[in-house]
Amino acid sequence: MNKTIKVAAAVSAAGVLALTGCSSDSSGDSGDTVNVVGYSVLQQANEGVIDAFNDTDAGKDVEIKGSYGASGDQSRAVVAGQKADEVHLSLEPDVTRLVDEGIVAKDWKDNDTKGICTTSVVVMVVKKGNPKGIDSWDDLAKSGVGIVTPNPASSGSAKWNLLAAYGSVLGDGGTEADADKYMKSFFDNVVALPDSGRDATTAFTSGTGDVLLSYENEAILARQSGQDFDYVIPDSTLLIENPCALTEDASDAAKAFLDFQKSADGQKLYAETGYRPLTDVGDLEVNGANDEGDPYPDPEKLLTIDGDFGGWAEANTKYFDENDGILTKIQAEAGQ
Amino acid sequence: MIWFSLLVLIPLSAIIVKAAGGGLSTFVDVFTNDNTRSALVLTVVSSLIITAINMVMGTIIAWVLVRDRFPGKALLDLVIDIPFAMPTIVAGLVLLSLYGPESPIGVEVSSTRWAVLLAIAFVTLPFVVRTVQPVLEELETDVEDAAASLGATRFTTFRRVILPSLVPAIFAGAALSFARGISEYGALVLISGNLPRKTEVVSVRLFSFLEGGNIEAAAAVATIMLLVALLAIVSLDVIQRRVARRG
C-alpha cells in the first residue's frame, strides 16, 4: 500500500515537473514564435511561404507554428482559447466570430487588401477529358448531370459555390425568380452533399457525380499532387476571398509575417500553389493549371461577395438562414 | 464514481443543460424543421431494422464460430472485430469504393437509403456476435443431449433449451448495436451523400448545426437522441426480461 502511494507521488511529481518544463519553454521564446491558425488547404501553400519568410531579414529568427483544420473549427478553437497570433481562414464570418469575442480588432479590414490574404475563384472539376462536355452553369442544370458540392450547412466554404451558381443567373440579367428556378433544377441534379470540401473531392474522385464544384486553387493543387481530372473556369464565377487577421496581442513578428504574405514575393509563392495573386507578381509558371504559362485567365464576369451579394453578413442571412434562407428553402424542396 | 462522473455524468448533464438553455422553443424549432425530423426518423428506423437483422445474423455467426469446425475459423473470429476497430472514416472510404459508382462488383448504393443501412450494418455487426459468443461457449452440450434423448427435435431443443439462455446476451448486443447505429457518422458520411430528407442522418444534421454555430439546436438534437437511446435500451431490457421469464 505504502509503495503504491510513493509511486503515485513520484509519478505526479514527474508530471508537474514536465508541465512546468513545457510552460517555461514556450514563454522563454514567445517573442519569436508566431502561431498561425489557418484553414486546411493552406497547409501546403504556407510551407513555402514560411520558408521564404525565414530567409528575409524580418523573419530570420522567427519560428512560425502552423495549425490547420476546417475553417469553422479553427475559428471556434481560437474562441475556446487556442493560442493564435494570426488567423487565416476560409471566409469572413469565421473572422467576424473572433471580432465579436474581442480577439481580433474591429478595424482588421482597414488595410490595402481589405483584410484579404489569398484569393481564388469557383471552378467546375470534371472527369478527365470532360466526357459530358460541361463548360457553363447552364450545363449543370441539364438532365443526366450529377453534381457534387459540399453541404452549405456544415461547410462554410460550400456557400461560395452556391452563390456562384445563383449569381451566374443574376449576372446574365436574370431576375431573382429566374435564379430560384435555375437553382431548383441545380439542386435536382445534386447527387451528394458531403460534409466538407475534402470529403466532396474524395466522393468525386471515387466516381460520384459528373462535376464537382470546387476552388481553382484546390483543383490546381490536387493536379500538382497527381490527381487526374480536368477543371473548367465558367464564364461567370465568384471571387473567393480568404481573410487573414492579427489577434489583439499579436507580436511584431506576426505583423511582419502578415506583411510578407501580402507582398509580391509572398503572393508569387501562393500563386505557384494555385491562388490568384492579389498584386502583380510578374511572369508566372504554374504546374497543374490548364495553361501553365497563363494560369489565371480573367473570367468574363467575376462576381464578388461585397459587390454582388451585399457582403457576408447580409448574404449569410438572406441565402443560408437555417429556416428562411432562399437557398436553404430551395434545397429542402428539391429533397422531396 | 468520480471516474464515471468525469467521463459520463458531467458531459451528459452539460448537453442537457445547454439544450434547456435554449428553452422549449428550440425543441419545437428542431421538431418542426422538416429536414431535422426526417433525419431523425431515417436514423431511428434504419437502426431498428439493422438491429433486428443483427439479432438474427449475429446469433447465427456466433453459433457457427462456437459450434462448427472449419479451416480459417480462427481467422474469421479475428476479422469479425475489424468493422468495430477500424476508424469509421476508413470504413466509409472502403464502403464507397466497394459499393459506390465505381464498384468492382457492380453493386451501387451510394446516395440512397440502402447506403445508410449498409453502413450501419457494417459497423454494428460485431456487437451481437461478441455478446452471444461467450455465453454459447459456456453452455454445456449435456443439456442438449438430454433434451434430444427425451425426444425433443433439434428445433425444439434450440427454442426451449438454448435460446432462453442466449436471450439476455442477444438483447444486450442489440442495445449496443442500436446505440451505435443511431450515432454513426464517419462510415455514413461519404457513402450516404447527405441529401436532406433523403439520406441525411441525424449525426450529420447535428454536425451542420454545430458548424452553423447553432449550439442550442445541436444540444436539443443530442438530447432527443439520448432519450431515444435510453428508451431503446430500457425497452429492449423489458422485452428481454419478459422473454426470459416465459422461456
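Protein chains in written order, with our numbering: chain Y, 1065 to 1400; chain H, 4 to 250.
Glycine residues also receive a C-beta, built at the ideal position from the N, C-alpha and C atoms.
If you draw a straight line from the Cα of residue 25 of chain H to the Cα of residue 1105 of chain Y, it is about 35 angstroms long. Just so you know, the alpha carbons of residue 98 of chain H and residue 1258 of chain Y end up roughly 15 angstroms apart. Non-local C-beta neighbours of residue 1096 of chain Y in its own chain, meaning closer than 7 angstroms and more than five positions away in sequence, comprise 1125, 1126, 1127 and 1317, ordered along the chain. Under a criterion of Cβ atoms nearer than 7 angstroms, the residues of chain H adjacent to residue 1257 of chain Y are, in order, 196, 197 and 198. Within a 10 Å sphere around the beta-carbon of residue 1332 of chain Y sit 16 or more other beta-carbons, which makes this residue buried.
Not a single unbroken stretch of the alpha helix (DSSP H) spanning 4 or more residues falls wholly within the segment 1281 to 1315 of chain Y. Its Cα nearest to that of residue 1397 of chain Y, the residue Y/1249 stands out among Y/1169, Y/1201, Y/1181 and Y/1249. Contact annotation for residue 113 of chain H against chain Y: 1272 [CB-CB distance below 7 angstroms, chain order].
Of the candidates Y/1190, Y/1315 and Y/1290, Y/1190 places its Cα closest to the Cα of residue 1278 of chain Y.
Minimum Cα-Cα distance from residue 89 of chain H among the listed residues H/127, H/31 and H/34 corresponds to H/127. The secondary-structure analysis by DSSP pairs residue 1133 of chain Y across a beta bridge with Y/1103. By the Cβ neighbour-count rule, residue 91 of chain H is buried, with 16 or more other Cβ atoms within 10 Å of its own. Counting the other CB atoms within 10 Å of its CB gives residue 4 of chain H a total below 16, which places it among the exposed residues. Looking at the DSSP output, residue 1191 of chain Y shares a beta bridge with Y/1293. Going by beta carbons, residue 64 of chain H and residue 132 of chain H fall inside the 7 angstroms limit.
The distance from the Cβ of residue 208 of chain H to that of residue 22 of chain H is about 15 angstroms, inconsistent with a contact at the 8 angstroms cut-off.
Put simply, the backbone Cα of residue 159 of chain H is about 15 angstroms away from that of residue 145 of chain H. In the displayed model, residue 1147 of chain Y falls within coil according to three-state DSSP, outside both helix and strand. When 9 angstroms is used as the limit between beta carbons, residue 99 of chain H is near these residues of chain Y: 1266, 1267, 1270, 1271 and 1272, in chain order. For a cut-off of 8 angstroms, the C-beta gap from residue 67 of chain H to residue 170 of chain H is around 19 angstroms, too long to register as a contact. Short of 7 angstroms from the beta carbon of residue 129 of chain H, and not among the five residues preceding or following it, lie these beta carbons of its own chain, in chain order: 83, 84, 86 and 87. Remark: C-beta atoms of residue 1136 of chain Y and residue 1261 of chain Y do not approach each other more closely than 7 angstroms.
Put simply, the segment 1287 to 1301 of chain Y does not touch the segment 1135 to 1153 of chain Y. Fewer than three CB pairs are less than 8 angstroms apart.
Closest in alpha carbon position to residue 226 of chain H, among H/14, H/10 and H/9, is H/14. Shown in chain order are the members of the segment 209 to 220 of chain H whose Cβ falls below 9 angstroms from a Cβ of chain Y: 210, 211, 212, 213, 214, 215, 216, 217 and 220. By the neighbour-count criterion, in which 16 or more other beta carbons inside 10 Å mark a residue as buried, residue 152 of chain H falls on the exposed side. For residue 1234 of chain Y, the uninterrupted alpha helix (DSSP H) run begins and ends at 1222 to 1235, by DSSP. Judged by DSSP in its simplified three-state form, residue 1239 of chain Y adopts coil rather than helix or strand. Straight across, the Cα-Cα distance linking residue 8 of chain H with residue 233 of chain H is about 18 angstroms.
Annotated three-state conformation of residue 1127 of chain Y is strand, per DSSP.
Here the segment 185 to 197 of chain H makes contact with the segment 93 to 113 of chain H; the two share three or more CB pairs at distances below 8 angstroms. According to DSSP, residue 1381 of chain Y shares a beta bridge with no other residue. Here the segment 1163 to 1180 of chain Y lies against the segment 1311 to 1330 of chain Y, with 3 or more beta-carbon pairs under 8 angstroms apart. Of all residues in the segment 222 to 248 of chain H, none is placed with a Cβ closer than 8 angstroms to any Cβ belonging to chain Y.
At least 7 angstroms separates the CB of residue 1175 of chain Y from every CB of chain H.
Ranked by how close their Cα comes to the Cα of residue 1150 of chain Y, the residues Y/1203, Y/1354, Y/1098 and Y/1195 have Y/1098 in first place.
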